[in-house]
Structures are given as structure tokens and as C-alpha cells.
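> Chains as they are written, first to last, in our numbering: chain A, 1 to 428; chain B, 429 to 856; chain C, 857 to 1284; chain D, 1285 to 1712. Yeah, the Cβ is synthetic: ideal placement off N, Cα and C, and Gly gets one too. Quick one: the structure is below, questions incoming.
There are 4 protein chains.
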Amino acid sequence: MTLISADLVQTHNDQCLPALNEDYGHLAHSLKRRGIDVDVVKKHLARFELAQPSWGVGVGGTRFARFPIAGEPTHLEEKLEDCAVVHQLCRITPRVSPHFPWDKVSDPRALRDQAESLGLGFDAVNSNTFQDAAGQKLSYRHGSLTHSNPAVRAQAVEHNVECIRLGEALGSKALTVWIGDGTNFPGQQSLSASFDRYLESAAQIYATLPSDWKMLLEHKLYEPAFYSTVISDWGSSILAAQQLGPQAQCLVDLGHHAPSVNIEQIVARLHRFGKLGGFHFNDSKYGDDDLDSGSINPHQLFLVFNELVEAALRSPDTFAPAYMIDQSHNITDPIESLLSSAEAIAGAYARALLVDRGALQQHQQTNDVMLGFQTLRRAYNVDVTPIVAMARYEQGGAIDPIGAYRQAGWRTSKAQERRVSTGGAGIV
Amino acid sequence: MTLISADLVQTHNDQCLPALNEDYGHLAHSLKRRGIDVDVVKKHLARFELAQPSWGVGVGGTRFARFPIAGEPTHLEEKLEDCAVVHQLCRITPRVSPHFPWDKVSDPRALRDQAESLGLGFDAVNSNTFQDAAGQKLSYRHGSLTHSNPAVRAQAVEHNVECIRLGEALGSKALTVWIGDGTNFPGQQSLSASFDRYLESAAQIYATLPSDWKMLLEHKLYEPAFYSTVISDWGSSILAAQQLGPQAQCLVDLGHHAPSVNIEQIVARLHRFGKLGGFHFNDSKYGDDDLDSGSINPHQLFLVFNELVEAALRSPDTFAPAYMIDQSHNITDPIESLLSSAEAIAGAYARALLVDRGALQQHQQTNDVMLGFQTLRRAYNVDVTPIVAMARYEQGGAIDPIGAYRQAGWRTSKAQERRVSTGGAGIV
Amino acid sequence: MTLISADLVQTHNDQCLPALNEDYGHLAHSLKRRGIDVDVVKKHLARFELAQPSWGVGVGGTRFARFPIAGEPTHLEEKLEDCAVVHQLCRITPRVSPHFPWDKVSDPRALRDQAESLGLGFDAVNSNTFQDAAGQKLSYRHGSLTHSNPAVRAQAVEHNVECIRLGEALGSKALTVWIGDGTNFPGQQSLSASFDRYLESAAQIYATLPSDWKMLLEHKLYEPAFYSTVISDWGSSILAAQQLGPQAQCLVDLGHHAPSVNIEQIVARLHRFGKLGGFHFNDSKYGDDDLDSGSINPHQLFLVFNELVEAALRSPDTFAPAYMIDQSHNITDPIESLLSSAEAIAGAYARALLVDRGALQQHQQTNDVMLGFQTLRRAYNVDVTPIVAMARYEQGGAIDPIGAYRQAGWRTSKAQERRVSTGGAGIV
Amino acid sequence: MTLISADLVQTHNDQCLPALNEDYGHLAHSLKRRGIDVDVVKKHLARFELAQPSWGVGVGGTRFARFPIAGEPTHLEEKLEDCAVVHQLCRITPRVSPHFPWDKVSDPRALRDQAESLGLGFDAVNSNTFQDAAGQKLSYRHGSLTHSNPAVRAQAVEHNVECIRLGEALGSKALTVWIGDGTNFPGQQSLSASFDRYLESAAQIYATLPSDWKMLLEHKLYEPAFYSTVISDWGSSILAAQQLGPQAQCLVDLGHHAPSVNIEQIVARLHRFGKLGGFHFNDSKYGDDDLDSGSINPHQLFLVFNELVEAALRSPDTFAPAYMIDQSHNITDPIESLLSSAEAIAGAYARALLVDRGALQQHQQTNDVMLGFQTLRRAYNVDVTPIVAMARYEQGGAIDPIGAYRQAGWRTSKAQERRVSTGGAGIV
């Protein structure tokens, strides 16, 4: 399977390189004046890894509509192909996170080989008990892991166990559990009994976890349930993770919080209690909008990475959260959105790495509020584009990924080959 | 076409009547002590009318899933049947609001006759340019009435004009225009040019409006667009309505506002400027949750009706807003939700009618804050169930609509007759 | 010290009693039809107790202004007098919660005697390290229990220890710790180090706690800190309480949460983990508005009590949360607001007691969503005014507390006796 | 009166200049590659002007506390002195916005001369009817311009008229009217009558406006009123401004909106209808937090300036909004916060000027969503620090204003001279 031609990327890079060299050179010089070695930052970026969701290369939608585009992938093989193009160009997205039963295949070993031939591996597997799969025996209409009927709970547990087995075959090391369970009406369910049932079901899944796996619990304030959600916030999530055991950790999705909540502090709290397991990156203005990372509030993304860098400094040996992009690409070419988002995320990380930690600590110690703030702001203000681009280039990627992608005409040529997908409301 | 057996309803009522008579009698006595004539309230309730949305009798869903139920309607004829059952039992929902092209029929006259035979008429027609219909020439992926391409705008205008023509055949008197147009990214569109294009397109629709019609503009803060929405708030809506002319009015959907906004004051403002055209009733806790009216915040619903009663007193001759239920019934039997919501809405209206307006005005004049508040609270605290039930009973409905509906076994019997609907993500 | 004349209350009650008897009688009859014994509800109400905050009888304000009223209390003795009037009339507010150093006296024993002579006891003591007291050595400008300077932390700890000592002399059994510590700027402080310092300081206070005392940790999303707050949510609060030990519990203030958060579920979670220690009742529409309980969202108050009743049923022997009104009475006579709020809180409790728990459980078990909801709604719709009034009357209070209070002319007569208080911004 | 020594600033600049020249030079080179002339941007910055609020140089507080600092100004003369220092160092804040009666003086002419000698002029005057001034006849406890008592309204109107007279003497050209009028309880006031009274009172003020003045109406969602606010949103504001006449315009304060509202679109709407009169800059995370501009959401500030630049391009001859910083400096040296904020605001403006408008328009026309977004993002990513610093330097200011200010020891020396201010709750 051929992706984008390496020659094309090379030629494109050749055009971009002189300007990049100039900008990188001046930035290195300017940062050196402040005592920062830009190469250290670049080295960290070279080690940074971000999973892609298999469903993220398809066009997403809302409950109102989905607007398909010509050439979008319509089955898993095509999805992997698109993921491979993303990784080919940006070099920090080497693994794909599958969603079952959406991505279910009869021969996971073959799938793994296929992915490897595209330069890809597999990341955390995602179970799905928020929809009814075709042929499913019992419905999740009224819940899954927390359903009042033990048979439904057992079915949902079984599905999660199967996801683990599939994940093992694919080389995954984590199971992400997000459930939509909750209520639309006061009185619909017992708020406390539902949580008890969650703990019971989750413990059954946890018991089947391979010893080198993590179980990532993902909370969300609301949607698809609109009055209450069983695992609605980090408080519920961490208490459940503590109950389950050391392999259970919490996963933070940036769009799953109440309005105006300080998410970076939640990051700090979860790490403080040893339960920061992973991240789903996206952005939002209103609810769980699943917009491109950093497109709405890039400063918040920086502040989150500021806490992640702090956490890594405090726990250098153990801190290894699972990072994934989790977005709904409703009106862009998904590959372009993934490339743009990977850039935004890497940029936020680069800025966080530029923070003068010694100065910051000193200003915090002396309560020099203004200089504490300015220490962060100074790093945030830096245009890190050259650093991110240089790291990418040196890893074999494209200096200007979207430019190279467009020049390659990938989507147009796929529009010739791939079958047409249908509209309808979007499932993301 | 037979609905629920009148005998069954009668028998059910006979069982409920003694208790109702007792409760109504005591309430009448107790209110008389306060100087209130309960029969006046009952008379107002008897005149109260609420439209049903044709799509509201189907099971709704979220972008994640839709969980169909056995016996739900799968085409317009069945939808009308279910609407007729709702009206048969609650007696305040005599008209159905159709949505095109969802409800498009080749012979609208025949449809009108069919509805009439079920005891139903038609209310405001709803256009749909937030989805691409099968066979549609140009896509609304990037907007409709505000699209940058004049050909798309023309197509969207044309669809609205067709809706008016269909509505005329059905006996409607209003067109409701809600568009999803907006953006997901800063920079995607010009925020000002989009609004200009809206005004231009809306003026073209307005120009084709029959002289006894209203054009209802519906605003919404977000969804399906997640960064900006062209008609996002009542400010945008009223300025557009003023520009268009006297037949253009604003429609308030209770779930389309920013968090914590005082909606009852928006009602007062719109009426103050002569632009309060109608209401979409539902309830919500987070976003546009489209939950059953009054299920989450019944007090807010009361405060809205308090303003509506005030508006009617200030403009007794002209105040005639179009009321409609607009909910997404994801996990209940839609007929039950409509019955429950009609009850909640009528109850909020009844409570607002119980407010001692003279006392209220006096306390407001003298800034007796506590007694001003208590004057509203006293009315809100009244259990108006007997008044609403008696009004319904006297209009030929069921004292206990959900009880009667269940006893009739409507859904079970329809599950035998109607074909099975499919799951997938919900469209509401 | 004489409060309101018992004769006046008696005469007032005599006028109200006939109507009350009628309404109570019919309600008892009507509820009996549903299988509910109203006397059982009344008995629960008779045992219900709610603390008054000493500062709540003064007129509150905002950062913009405070508008004093004639006759408001200007020192502790007068505050106790007003609290005694509140309790005299409503009979469910027998204890006062003092705030130090605001309420500091040289002889706490004498204060206790004085309170007892007014029929009052003392509830949880509140420490104050969010302001600088006159003559205080080190400033809390940059924090108190979490300050980067150990000397400031030690001073704040010492103040809390002193509060416990004062509380012991007054007969209190709990210390409520709310701190304003947090930041206004990203970078101002380490989000993780601040929390570590909180735990360290709190542990020092905890160590001095008498064995029959509770330490109540109160979280708040924001204000006075506007970027981050150390104990910002129930997650931070419960993790701290767990770390501290069994006497540490969480206190929920209804206005201290992010917008649209489901507070009743937080109640369920805290109880599930044995950490629901107490409540501060008030209401709000936007932020921590500190409005009168139930004035904005009475249904939410009911849903909270629904969880409290459930919790009491699950843990009949141990469940004993500390209930307190915590409001800022900016534009009403504080005594009237306290009377009105006590009524609203007791009413929410009464409604929650009316819920048919057996039916609720059954509907939840079978996922009968509509009837589960209706079971709560049916209880909520009951006008419980007669039950609350009858319980109050039988305890020796006023049937119509605000009516009796106004007739007594308390504030007018105090306006003659008490010195004038000053305006300025309000401290609440 | 001497401010900071010009020699000190010069020496400080001499140290900073070499690095600035390097960075500015490279940025000019790099931007030229993109077709942007940095000098044009710099020229726009040199013309940019921002008013300082007289109260902003004092230490602010919350309703809980105010923590004074040594050397803060305690009367108007000292405030002007501090404002002059701000302008001396940043060069874009040449005018002070006074607040009456806070800044009331017996001889406004003398005040104007004094300000001029410090290099300062006066901007819009602010009336204050949200507090009771000492000796005021009638209280604003229950409202001012909207009070139910005509005598209170007349007093409030009279105060505004006096503000205009004072403003004329000071050389102002605008009156900013912000009122706290609203309610804390449903039922407290008629929502519609309050608005009618507002219009009536405002018209009386408007009638006395000099012909070259503007009247700026400032809306705010909530606080100090917590249930409803008469002028709560831009909809109410613009309808009032339209009613009043062409000299009435709307003023946008960034912190006065409902959560998650798209403020940049409100800017576009107000300009579309010719009513964008001015701005109060600050930042916020929760409510009206009045934090330093750009400290929380610098991207939003950029997007607002993006609309302002667009507005200026559409109306080059008439667009002249009044810009002011309006912040509460609770825990920083106010002069440092003003310097930092002026930098952030100028930086946001500079970034908006860097947007390639031609490309943006083209991408919007063709619905190239990704490149439309990237066009804005590319400008936002630029580190504009060198441009802003160079513009400031060339206007005679400090390259590093906070650095120079600290080196000058201004606050320490003022702490010797000025009397100590008192704590208490803050008034901002």
C-alpha cells in the first residue's frame, strides 16, 4: 500500500527548508539569550507520541446531520490508510486507538500486521456500550454497566472483556471505558445504586485485565444523558479508580467538564493521587463540542501541558499518560484536522517546555504574582512553529504537513477509488 | 381510523372522578378564601392551545445513538394517529406542526382532510435547511440561508417558499425558520457578512409570505455549529425581525440560551418591542437537552408563564403567541411524554393565573421585596393538578391521561401493526 | 430580654388556625387516599433542625455596596436577639453558628448563658482566614492554610485551633473550614504544592479536634480567587477529608458549584463514601449569589432533600448532617428572609418525605422512566404549606411567621433602640 | 510633580535595545517573507489609545476582603500621579476615566490643569448610582434610574446630568452609564416596567448631552443583582440605544456576558447596527472577575480585536470606539497590572493587524474552513512582543515597562510619602 509519495514530501520540504532554517536559527539565538537550549525542547518533542482514534479519520456529525465528503474512508482498512498518512506527515501519531464493535475484525492478528506494514501500531481499545450493535441480545437503552438488570450488566461486562482480548491481539496495553449511562429525568434511577452497580461491573472487567494493562475510566458531565450521568466528573472517576485498584486510572477529555471549571487543576489533582492515566484532546466552547485541539482556547491547552510537564518533573520514572486526539471532524477534511491538531498539541507542549521552572518556583515562593504570571506568559508568547516543524522534519515528516497533503491530492484520488458514504446524523 | 376507545376513557374517568371532585372542591374553597375564583382559571385553561411537533411522536436520539421502541410511528400517517391520541386524552393539543421535507406529501389537501378526520389541524410549518435531503442539488454543509454561494442561498430560500405553499394547503398560518448556520472555527466565516446574507435571504422569504401569516425566527446559542451561530441570541433575532417587517416575529425555545440567562426577562423584552411570536417548550439542564417540559426546572416554566400572563394583560387584543412542544423523547414512550408535558405546561399556566396581580403590583410599587416574592411563591405552591384535570375532563379528555393511555394498551397494539423502525443516531 | 410577645403570636395564630385546620384536614384526607399518613411527615418535621449563621441577621452586600437598614443588629448581643426571634417564630432554628473573629467575645461562657436564656444554643464554629483581622501579624493577602510562607500557615492553623477552643466553651461540636485560598493568575502558585500545604495545615488542625467533633471542609469553585481555588470542588474536598481521617467530612454549599452541575448527585456520592457532613442552604442563579433558599430553584432543593431522605433511610443510625442557612440578605429584612427560607427548606424536606419510596424503587428497577419521574413529581406538586405550618404551630411557633413578625413591629422598635450601622461594601 | 526619572528609563532602555533590535529585525524579515510590512503594524500601534480608570490604580477587592498595599494612592491627586507613571512607561494610556462622586472635586478646571501637567487628559466620565454617597437624600437600595419612586429616578438622572457638566469641565466627550438596577427575587419588580422606566430616565439624561458627546450604555448579566438585571445583555442595550438616538451607543465589558457566549460576534452585531461605542477590557474565567486583560483567554482578546480591525476597515471614517481598561487589581501592584494589560491589549491588536485579510476573505468565500482558520491562527501565533515594544520605545516609553518600574522603586518610595489605606471589603 503506498501512502503519499516520499519524493513529493521531500520536494515540498526542500521549498520550505530555507525559511525554516532562518526562523529556527533566530529562535534558537533568541531563546539562548534567555538561557534556554532549543535543542532540548526539540528532543522532547521528538519523543512525544499521540494516538489517533480510528473513527477520527471519518467525517463526524451532530444529532442533526452528517455531511459526508467524497473519498472519506468507509471501512477499517481505509481508515488505517488515512491514519498512516497522518503519521507519515506529522510523525507523532504512530498508534491508532480502535473502537469496538465499530472496528471489529475476524482476524485481529492480520489487522495488526496490516497496520504494521503502514507504520502503525495500536493504542488503547475503546469499548462501546452506549449504542446497540446489530444483533445484540439486550438493549443499552436504559444503561449498560449500571443497568438495573444484571443480565444487561453482564452483557456489557462481557463486551469489555472481549475488547481486552481483541486489544491483546492487536498489541494494545489499555482499555478505555466510557459509558453513556445516566438519566434524563429526576427519579428515573437511583443515583447511588447506579454508582454501586458501576463499581461492581467495573470490578469484573478489572479482574480480567492483563497485568501490564491499564483500565482508563473516562468521565463526562452530560450527553447522551441530560439529567444525570453516573461517571460525571473527576471526583466520581477517581473514587471509582481508587476502589478498583492500581491498574485503574482516570482519563481526562478536555470537553467533558462543567463550564468554566479549571481543568489544569484537575490534572494536578489526579496526578497528586497517582491516577492521571490519559488524555483525550479536543477543544470546545459550549459543551462536548469535539472541535480541533487548541482551536478555541489554545491558552488552556498550554496550561494543561504546563501541569503535565510539572507532573513529569515530579514523577520522572512513572509518569506516562496515554495521549489521544478525540475530535469530531464535521466540516473539514479529517486528515487536515488531525494534522492541524497534532501541530497545536505539540506546540502547546513546546511552549510548556519553554517555561523557566526555576524562576517560576521562586516567584511562587515569594508570592511575586506578576512575575509568576509573566514567567508563564513569556513562554506562551513564543512562536514555537519553527521548533515543532524542525522536530517533525528531522523525524522524517513534512515541514508544512497540510501544504504537502494538499499538493499530494490524496483526498481527490481517494474519491475516485473509495465508495460513497452516506449522510444521516453523525455518530461520534 | 379509531383512536382509544371512548368507553375506556369514560370508565377510567369514572374511577378517578370522586377523588377529583373532592380535591377540586376543597381547592375551590381554599382559593376562594384568598379571593380567587377557580372557575375563571379553569376557563382560561379551556382556551389554552399547544401545538404538537409531528416529529415529537417518534423516538428521538442523540448523536451517539437512537433506541427505537416497538410500535413507534414510521410514517406521517402513523404520526398523525399518535398525535390524535395525545389530543384525545389531553384536549389542549389540537394542531400538529409539520417539518419539511420530513413530512412532505404529494397531496397536502388529502393530508389535511385526514388530519381533520382525526380531530387535528396544522400549526406553523418548519423548514429544514440544516440537513441535506435526498436528491438535493447543493449541500448545506457550509450553510444555507447565509451560505457564501448565492446559489445555495437561493435553494434554501426556495425551500422555505415551498414550505409556505405547503403550509397554505394545510391551513397553517406561520413559517418557523430555524437554521443551523454558523461556524466551528474562528476565521471560518465572516461573522458580519453571514448576518447580512441572512437578512437578504430572509427578506426574500418574507416577501412571499401571505398577508395573514407570521414568519417566526428561532435563535439558538449553539449546536450544530460550535464556535458561532448566525442567529445565536434574542438580540440577533429581534434586530432581524425588526428589519424584516411586522409579520416577522421571534420564537423562544427554552433550551436555546446561554447558561443561567434569565429567559423570563427575554420574554418581557420581546413583548415590549412587539416581537414575541411564539414558544417552543421543553426543558434542559446543560445544553439544548430537549427534555420534557417542566421536568428539570418547573419554577422557571412558571416564571415564563408569569410573563406571558402579564403580556396578555398588557395587550389583551393582540397577544397571541404560537405555543408548541418541542422535545426529544429518547427514552420514554413519546405519547406519554407529550401527555406529561402538556400537563406540566398547563399547570405552569394555571399557577401563573393564580397570582394576585393587584397585590403584586402594590408590593412592587412600594419595594416590599419579600411580599412581592411571596405573592408569586404563594401561587406557585398551589397544587393545581385538580384544576388542570377538571378542565381536561370537562373538555372531554382523561382525568389521568397516562393511566388511561396505558390501560388502552395503545403502544402494544401498534407494535403488532406497525413495521419496525431502525436505530442509528437520532435526528431531532 | 423579651422577644416578640407570646400573646401577640397567640392572637395571630388564633386568626390563622381555622383556615389551617381546613387545609390540613383536607390534605390529610387527600394524602391518605394515596396511602400516606401526614402525621408521620409532621413528626419528621418536628425533629428537623437548621442552624442560623450569626452574620445572617445582619444586612449583607456585594463588592459594590451595602445598603444598611434601620434597626439592624450591630453587635453580637443584638444578633443573638434577632436569631432568637427567628427561632421563636419558626421553631426549627435552635442554634446559632458563630464566625470568628467576627463574633469573638472575651467570655464565651457568659455568651453561652446569654444564648441559652434566649432559647438558643451554638452550632458549628466558622474560622475566618479570608480576611485580615485588625492587629493580625501576617496578612492573608496571598493565602492562609496554603500560603507559601510557613509562618502564615502556622498563624492560620493557630486561629482554627482557637476557634475550636472557643467552640468548646460555647457547646459547639464542629469546626467549618472554608478558605478563600487560590489564585487570580496562571502561574501565581503551584496548583499541586498549594494542595499539599492545605493537607499539611489541615492535619495540624485535625490533630487538635476533640474526639466528639467534626471538621467540615467546605469547597467552592471560585470567589474570592478567580483563576483557581485550592478546595474548588467536591473531588478535592473528599480526597482531603479521606486523607485527614474519620472526623473530617465534606460540607456542601448549594452555591459553590460550577454552572449546571448536578448537586443532588454530589450529595449521593458524598454519602456513598461516608463523607457527607453538612449543608449550607441558599439559592443562586449565576454564581455564589447567596439568595434565599428555594427562591430561584425550589425543585433543585427538593431533589437535594430527596437524596438526603434516601441517605437517612440507608444509614438510619449514623446519618446526621449539620444543616445551616448561609445567605446574604442584601435587600430584605434579614429576619424575614430567614423565616421565609426556613419555610422553604422545611417544605422541600416535607415534599421529599411524601415520595412513595416503594413505588419509586419498583419503577427504577423496571426502568419505567415516566412513572419513576411522576413518583417524584407527584410529591413535589403537593402544597405542603399546611403541614409545615401545623408542625410549626404545634411546636409553639407562628402559623404565619412573617405576618406575626410584621405585626409585632420588631424592626421598627429596634430602629429606635439600636445604633445606626454604616454602608460601604458588604462583607458576607 | 516628578514621575519616574527619564534618565532611569533611558538607561534601562539602553540595556534592552540590542536584543529588541535583533528580535524586531528578524521578525520584520520573517513577516516580509509573508508579504507583511511590520512598520505598518507599528504605525497603527503608535496611534492606539486606551483610557485608564481612575479607580484602577487603587487596590481592589471582593465582597470578602480588600488587602491594601503600602504606597497605594488614597486620593485623586495620587491616583493621577500613578496613572501618569503608567502612561509614561507604556505611552498608550493618555487619558483617565473619572468616576463620580468618587473623583468629585470642587474645582474641575484645576484638576484638568493638574492632569495636563502630568501629560494626561480625561476620557469618558462614569456616573455611580449603584452606591449611596454620603449625604445622599434618597437611597439606591431598590434601584436608581429604574426605581419605582419617581423622586429616586429624578435624583439619579440629576446625578448623571451633573457628571456631564463635570465632564465638560474636564474635557471629556462621553458619559458611561452602568447601573446595578435589578432584582434578587422573582416578583420583586416588574421586568417590563423597570425597562420602561430605564428608557424614560435615560432619555432625560440623553436630552442634556452636549452635541459632540456620546452616551455609552453598559450592560451586565448579573451582580450586584442576582435574579434579574435591567440592562442585562447586548439585546437590551442596543434596543435602548436605538430608542434614545444616535449619540447613544453600547459599551462592551468583556466580563459582563453569560458563560460561553461568543463576544466577538456581539462586537460584529453592534457594529453592524452602528452602535458599537466602546470597550471595557479585562478578563475573566467565571463571572465578572475583572482580571488582567488577556491573562485568562488571550485568544478571545485576539478574536475581539480581529472584529475591531474588520469594523475599522468597513467604516474607516466613523469607527472610533472608546477603549478603556476596567479591572480590579486585588493582589498585584495596580501599576504593574495596568502596564501588563496595556501590553496584552496592544499585542492582541498587533496580532489582529497581522491577519492576511485578502486570504481570509478568499477562504471564507470558498468555504476552505481549514485555511480560513489557519489564516487567523498564523497571525495569532506570532510573538508580537518586539513590535509592541518597539512602538512603545519609539513613542518615548520603556522597552520593558515593569522592569523599569521596579528599578525605579516607585511604590517603595510612595510607601514613605502616602498615608496608609484601610482594608475592609473592596469596592470595584
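Would you say L1077 of chain C faces chain D, with C-beta separation under 8 Å as the test?
So yes, L1077 of chain C belongs to the interface.
> Starting from the C-beta of F495 of chain B, find all residues in its chain whose C-beta is less than 8 Å away, skip the five residues before and the five after it, and write them out in chain order.
Excluding positions up to five away in sequence, the list reads V487, G489, N758, I759, G851.
> Here's the rule I'm using: 16 or more other beta-carbon atoms within 10 Å means buried, otherwise exposed. How should S973 of chain C be labelled?
Counting Cβ neighbours within 10 Å, S973 of chain C comes out exposed, since fewer than 16 surround it.
> Whose Cβ in chain C lies nearer than 9 Å to the Cβ of H685 of chain B?
Near H685 of chain B there are no residues of chain C at all, since even the closest Cβ is about 12 Å away, more than 9 Å.
> Is the shortest distance between the beta-carbon of I666 of chain B and the beta-carbons of chain D less than 8 Å?
So, interface residue.
> Strictly under 8 Å for the Cβ-Cβ distance: is I4 of chain A near chain D by that measure?
No, its Cβ sits nowhere closer than 8 Å to a Cβ of chain D.
> In whole angstroms, what separates the C-alpha of I92 of chain A from that of F279 of chain A?
In a straight line, the C-alpha of I92 of chain A is about 15 Å away from that of F279 of chain A.
> Starting from F701 of chain B, find everything on chain D with Cβ-Cβ shorter than 8 Å and list it in chain order.
Going along chain D in sequence order, the residues near F701 of chain B (Cβ under 8 Å) are L1523.
> Got a sec: is the Cβ-Cβ distance from A1632 of chain D to anything in chain C below 8 Å?
So no, A1632 of chain D is outside the interface.
> With a cut-off of 8 Å, do at least 3 Cβ pairs link the segment 651-658 of chain B to the segment 1586-1594 of chain D?
Output reads no: the segment 1586-1594 of chain D does not touch the segment 651-658 of chain B.
> Are three or more beta carbon pairs between the segment 1130-1147 of chain C and the segment 1067-1077 of chain C nearer than 8 Å?
Touching, per the Cβ criterion.
> In chain C, which residues lie less than 9 Å from L360 of chain A when you measure between Cβ atoms?
Near L360 of chain A (Cβ distances below 9 Å), the residues of chain C are G1043, S1046.
> Return the chain-ordered list of same chain residues with a C-beta closer than 7 Å to the C-beta of A1435 of chain D, the five sequence neighbours on each side being excluded.
Taken in chain order, the residues that qualify are L1422.
> Given that I36 of chain A touches chain D, what residues does it touch there, using C-beta distances under 9 Å?
Correct list: empty, because the minimum Cβ distance to chain D is about 14 Å.
> Answer yes or no: does any C-beta atom of chain D fall closer than 8 Å to that of N297 of chain A?
Closer than 8 Å: yes.
> When Cβ atoms are compared, which residues of the segment 203-236 of chain A fall closer than 8 Å to chain B?
Answer in chain order: L221, Y222, E223, P224, F226, Y227.
> Distance, Cα to Cα, G71 of chain A vs A1626 of chain D?
Going by the C-alpha atoms only, they are around 49 Å apart.
> Which residues of chain G have a Cβ atom closer than 8 Å to the Cβ of T557 of chain B, listed in chain order?
Although the question refers to chain G, the structure presented lacks it and instead comprises the protein chains A, B, C and D.
> Going along chain C in order, which residues have a C-beta closer than 9 Å to the C-beta of L1575 of chain D?
Near L1575 of chain D (Cβ distances below 9 Å), the residues of chain C are N1040, F1041, F1082, Y1083.
> Please list, in chain order, all residues of the same chain as L619 of chain B whose beta carbon is under 7 Å from its beta carbon, the five residues on each side excluded.
So the qualifying residues of the chain are S656.
> Out of D:P1494, D:N1444, D:G1539, D:S1624, which has the shortest C-alpha to C-alpha gap to Q1584 of chain D?
Checked all of D:P1494, D:N1444, D:G1539, D:S1624; the closest Cα to Q1584 of chain D is D:G1539.
> Please list, in chain order, the residues of the segment 1287-1308 of chain D that have any C-beta partner in chain A closer than 8 Å.
Those would be A1303, E1306, D1307, in chain order.
> Taking 8 Å as the threshold, find out whether the segment 1447-1456 of chain D comes into contact with the segment 1373-1390 of chain D through three or more Cβ pairs.
Yes, the segment 1447-1456 of chain D is in contact with the segment 1373-1390 of chain D.
> What residue from A:G121, A:A202, A:F64 has the CA that sits closest to Q155 of chain A's CA?
Considering only alpha carbons, the answer is A:A202.
> Leaving out the 5 sequence neighbours to the left and right, which residues in its chain are closer than 6 Å to S723 of chain B when beta-carbon positions are compared?
So the list reads D711, once near-sequence residues are dropped.
> A1663 of chain D and L1638 of chain D: beta carbons closer than 8 Å?
It is a contact, given that the beta carbons lie within the stated cut-off.
> What are the residues of the segment 1656-1669 of chain D that lie near chain A, defined by any Cβ-Cβ distance shorter than 9 Å?
So the list reads F1657, Q1658, R1661, R1662, Y1664, N1665, V1666, D1667, V1668, T1669, given in the order they occur along the chain.
> State yes or no: is the beta carbon of Y1261 of chain C nearer than 8 Å to at least one beta carbon in chain D?
Judged by the 8 Å Cβ criterion, Y1261 of chain C is not in contact with chain D.
> Helix, strand or coil for S1516 of chain D per DSSP?
Three-state result, S1516 of chain D: coil.
> Can you name, in chain order, every residue of its own chain whose Cβ lies under 6 Å from the Cβ of V252 of chain A, other than the five neighbours on each side?
Excluding positions up to five away in sequence, the list reads F279.
> In the DSSP assignment, find the unbroken beta strand (DSSP E) run with S953 of chain C in it and report its ends.
Residues 951-953.
> Quick one: Cα of P1357 of chain D to Cα of Y1142 of chain C, how far?
Approximately 33 Å, taken between the alpha carbons.
> Below 6 Å CB to CB, which residues in the same chain sit around G775 of chain B once its five sequence neighbours on both sides are set aside?
So the list reads V812, V816, once near-sequence residues are dropped.
> What are the residues that DSSP puts in a beta bridge with Y751 of chain B?
Y751 of chain B pairs with B:F707.
> Check the Cβ of F1565 of chain D against every Cβ in chain B and list those closer than 9 Å, keeping chain order.
Chain B residues near F1565 of chain D: none, gap ~19 Å exceeds 9 Å.
> Spell out whether any CB of chain C is found under 8 Å from the CB atom of R461 of chain B.
Closer than 8 Å: yes.
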